[in-house]
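Beneath this line is the structure, given in structure tokens, with notes to follow.
Below you can see the structure in the form of structure tokens.
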């Protein structure tokens with residue numbers, strides 16, 4: 001249409017708002033990490049980044065984040081695909097299953113962290129209680145006091161809480177697969193497994209990539225769940241980058257140092273999201 | 001597709017496993033909140049309360065100030081959802097209906113902002129709000145959370161509006177409607193389910209936030225419910241039954257919202273995501 005320039009006016013409020021509340025602080029964090037902003041004597045330095053490379057707490061947190069995101073996102077995709085396949089069938093009480101499937105996702109991650117913390121509590125927690133009653137373990141297990149077990153517990157809790165988001169994306173993808181393709185496969189004598197491999201998965205490829213990238217972004221940004229469940233402990237065995245950056249910035253007031261960690265995280269996330277960005281843009285052309 | 005009886009048994013068994021897995025933490029949360037202070041810390045834990053009491057709720061709601069936290073959370077989440085949906089309607093309409101130079105670049109920029117972790121922004125934000133005199137205010141918190149929700153709202157609204165045929169705009173133009181009138185009177189009513197989904201999504205993001213409230217609110221009377229709960233933990237006068245009562249209170253709003261509006265949310269989500 002001729003009045004295409006009016007488009008700018010419609011975008012303007014969002015653009016200005018984001019410039020102030022998002023663009024500016026993002027640039028400020030970047031400058032802070034080089035010691036160039038809000039300091040008495042601004043001078044460019046790579047000091048924070050150099051310190052990162054030899055800080056065992058940072059390196060552990062980085063490693064934890066990578067493991068955490070890999071494990072949690074993989075489990076989300078597997079559980080999410082499984083549940084999406086189930087929900088895509090002609091079920092009785094479909095609405096009930098759908099509600100139950102998504103309910104964990106409605107729970108704020110901070111709250112989820114607290115509930116699971118109590119479930120894993122050594123003495124009054126339900127996990128140890130069930131293990132004792134079923135005779136699997138006579139001794140109460142100190143789930144959140146042991147570094148390895150604590151890390152596993154946090155990953156389990158987030159696997160439970162967050163899978164509905166990729167599941168909904170995959171379900172939407174499943175519903176878009178034309179029925180004729182399955183019918184054709186049946187005529188060719190394909191088994192259910194073959195239909196899954198040769199019809200479902202190829203059609204779903206696009207959505208799996210979207211779900212994968214978006215979930216990696218969400219889980220890398222996770223904060224509340226770990227903060228409330230373990231606080232990063234014991235030691236820093238469950239510490240993830242977001243938590244460490246927050247602590248450096250707001251508890252130890254190492255502003256430049258905390259900012260540099262956040263910049264590292266943001267840079268990695270940006271590169272991870274590139275395929276998704278490119279894909280979305282191609283759709284808009 | 002016809003399936004044999006065994007296959008259906010397997011399917012419903014799998015659904016049963018999901019049912020238990022998904023609901024167990026909710027069950028535990030609710031059950032524990034009705035236990036007495038003594039029972040909630042006994043070992044091994046009881047699966048059902050021996051003595052049913054609502055004492056934890058009374059204590060949390062009246063003595064620990066959760067009435068106020070709840071109110072603060074409602075104010076912040078409703079305002080954030082309203083602000084980002086309103087601004088999102090305009091931007092969504094702009095991106096969906098106008099082909100202007102730089103449109104694709106701007107859209108990419110909006111999408112890319114979704115990838116920015118809050119922890120990068122929150123430090124400078126603290127400084128900005130302090131300078132602007134908005135530190136430790138609900139208004140400052142609303143602005144901050146909008147930075148997280150707005151990029152989603154814009155893209156979701158654009159996706160829903162793309163499903164409405166452009167002929168409707170053209171017909172409205174012929175009838176002499178301005179662009180604003182077309183947007184509010186013709187397009188928005190048609191994408192109402194999508195608008196609902198967008199608003200709820202922003203509300204849920206805001207309601208569940210901890211990081212921003214933790215860093216931008218210092219006074220107890222301005223805490224949101226998620227922040228209030230984390231402050232309870234570790235205080236020796238507070239029992240697990242009370243913390244669980246608080247988590248029930250904090251979970252009720254998002255869960256209820258979802259139950260009432262799940263049809264819109266799933267449908268809207270599907271439309272926005274599948275569209276290629």
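Chains as they are written, first to last, in our numbering: chain A, 1 to 285; chain B, 1 to 276. Yeah, the Cβ is synthetic: ideal placement off N, Cα and C, and Gly gets one too. Bear in mind the structure is a predicted one, so any value in this text is a computation, not a measurement.
- Item | Interface partners of residue 207 of chain B on chain E, CB under 7 angstroms | The structure shown contains no chain E; its protein chains are A and B.
- Query: Considering only the beta carbon of each residue, do residue 85 of chain B and residue 195 of chain B sit closer than 8 angstroms?
  - Reply: The criterion of a C-beta distance shorter than 8 angstroms is satisfied by residue 85 of chain B and residue 195 of chain B.
- Does any C-beta atom of chain B lie closer than 8 angstroms to the C-beta of residue 277 of chain A? yes
- Query: For residue 167 of chain B, does the count of other Cβ atoms within 10 angstroms reach 16, so buried, or fall short, so exposed?
  - Reply: exposed
- Cβ of residue 257 of chain A within 8 angstroms of Cβ of residue 51 of chain A? yes
- Task: Within its chain, find whatever has a CB closer than 7 angstroms to the CB of residue 148 of chain B; leave out the 5 residues flanking it on each side and keep chain order.
- Result: 118, 205
- Query: Mind pulling the chain B residues with CB within less than 7 angstroms of residue 5 of chain A?
  - Reply: 100
- Task: Answer with yes or no whether the minimum CB distance from residue 290 of chain B to chain A is below 8 angstroms.
- Result: For chain B, the structure presents residues 1 to 276; residue 290 of chain B sits outside this window and is missing.
- Task: Check distances from the C-beta atoms of the region 10-29 of chain A to those of chain B and list, in chain order, the residues that come in under 9 angstroms.
- Result: 10, 11, 12, 13, 14, 15, 17, 18, 20, 21, 22, 23, 24, 25, 26, 27, 28, 29
- Show which residues of chain A have a CB atom less than 7 angstroms away from the CB atom of residue 196 of chain B. Within 7 angstroms Cβ-Cβ: nothing; residue 196 of chain B doesn't reach chain A, min ~15 angstroms.
- Task: Kindly indicate which residue of B:127, B:126, B:151, B:43 has the alpha-carbon position closest to the one of residue 13 of chain A.
- Result: B:151
- Residue range of the alpha helix (DSSP H) that includes residue 196 of chain B: If you look at residue 196 of chain B, you'll find it in the alpha helix (DSSP H) that goes 192-207.
- Item | C-alpha distance - residue 80 of chain A paired with residue 167 of chain A, whole-angstrom precision | 4 angstroms
- Compare the C-beta of residue 59 of chain A with all C-beta atoms of chain B and state if any pair is closer than 8 angstroms. no
- Identify, in the order they occur along the chain, each residue of the same chain with its Cβ nearer than 6 angstroms to the Cβ of residue 276 of chain B, setting aside the five sequence neighbours on each side. Residue placement at residue 276 of chain B is poorly supported in this model, since its pLDDT is 41, which falls under 50; the coordinates still yield a value, given next. The beta carbon of residue 276 of chain B lies closer than 6 angstroms to none in the same chain, with the five residues before and after it left out.
- Message: Could you check whether the Cβ of residue 139 of chain B sits closer than 8 angstroms to any Cβ belonging to chain A?
- Response: It does not; no Cβ of chain A falls within 8 angstroms.
- Message: Taking only three categories from DSSP, how would you classify residue 215 of chain B?
- Response: Helix at residue 215 of chain B.
- With 8 angstroms set as the bound, which would you pick, yes or no: does the beta-carbon of residue 116 of chain A sit closer than that to a beta-carbon of chain B? yes
- Task: Check whether the Cβ atoms of residue 280 of chain A and residue 111 of chain B sit closer than 8 angstroms, and answer yes or no.
- Result: yes
- When you compare only the Cα positions, how much space is there between residue 183 of chain A and residue 191 of chain A? 12 angstroms
- Are the beta-carbon atoms of residue 255 of chain B and residue 56 of chain B separated by less than 8 angstroms? no
- Does residue 224 of chain A get closer than 8 angstroms to chain B when you measure Cβ to Cβ? yes
- Message: Assuming the contact rule is C-beta atoms closer than 8 angstroms, residue 90 of chain B and residue 10 of chain A should be a hit. Round their C-beta distance to whole Å, please.
- Response: 5 angstroms
- Item | Sufficient close CB pairs (3 or more, under 8 angstroms) joining the region 246-262 of chain A to the region 17-25 of chain A | Contact between the region 246-262 of chain A and the region 17-25 of chain A is absent: fewer than three C-beta pairs spanning the two stretches fall below 8 angstroms.
- Query: If you count every other CB in all the chains shown that lies within 10 Å of the CB of residue 223 of chain A, and 16 or more means buried, which is it?
  - Reply: With a 10 Å radius around the Cβ and a threshold of 16 neighbouring Cβ atoms, residue 223 of chain A comes out buried.
- Message: Could you check whether the region 132-144 of chain A touches the region 173-187 of chain A, counting it as contact only if at least three pairs of C-beta atoms, one from each stretch, sit closer than 8 angstroms?
- Response: No: the two stretches stay apart, fewer than three of their Cβ pairs being nearer than 8 angstroms.
- Where does the unbroken alpha helix (DSSP H) through residue 203 of chain A begin, and where does it stop? 201-220
- Enclosing alpha helix (DSSP H) for residue 67 of chain A [first to last residue]: 56-87
- Message: Along the chain, where does the alpha helix (DSSP H) containing residue 157 of chain B start, and where does it finish?
- Response: Residue 157 of chain B -> alpha helix (DSSP H) spans 138-162.
- Which residues in chain A sit within 7 angstroms of residue 90 of chain B, going by Cβ to Cβ distance? Ordered by position in chain A, the residues that pass the 7 angstroms Cβ test against residue 90 of chain B are 10, 13, 14.
- Using 8 angstroms as the limit for Cβ to Cβ distance, is residue 80 of chain B near chain A? no
- Find the nearest neighbour of residue 234 of chain B within the set A:229, A:35, A:101, A:41, judged by alpha-carbon distance. A:229
- Task: Tell me whether residue 185 of chain B sits in a helix, a strand or coil according to DSSP, three-state version.
- Result: helix
- Task: Label residue 87 of chain B either buried or exposed according to how many other C-beta atoms from any shown protein chain fall within 10 Å of its C-beta, with 16 as the threshold for buried.
- Result: buried
- Residues, ordered as in the chain, of the region 239-258 of chain A that lie near chain B by beta-carbon distance below 7 angstroms: 242, 245, 246, 249, 250, 255, 258
- Query: Counting Cβ pairs, one atom from each stretch, are 3 or more of them under 8 angstroms apart for the region 215-226 of chain B and the region 67-80 of chain B?
  - Reply: yes
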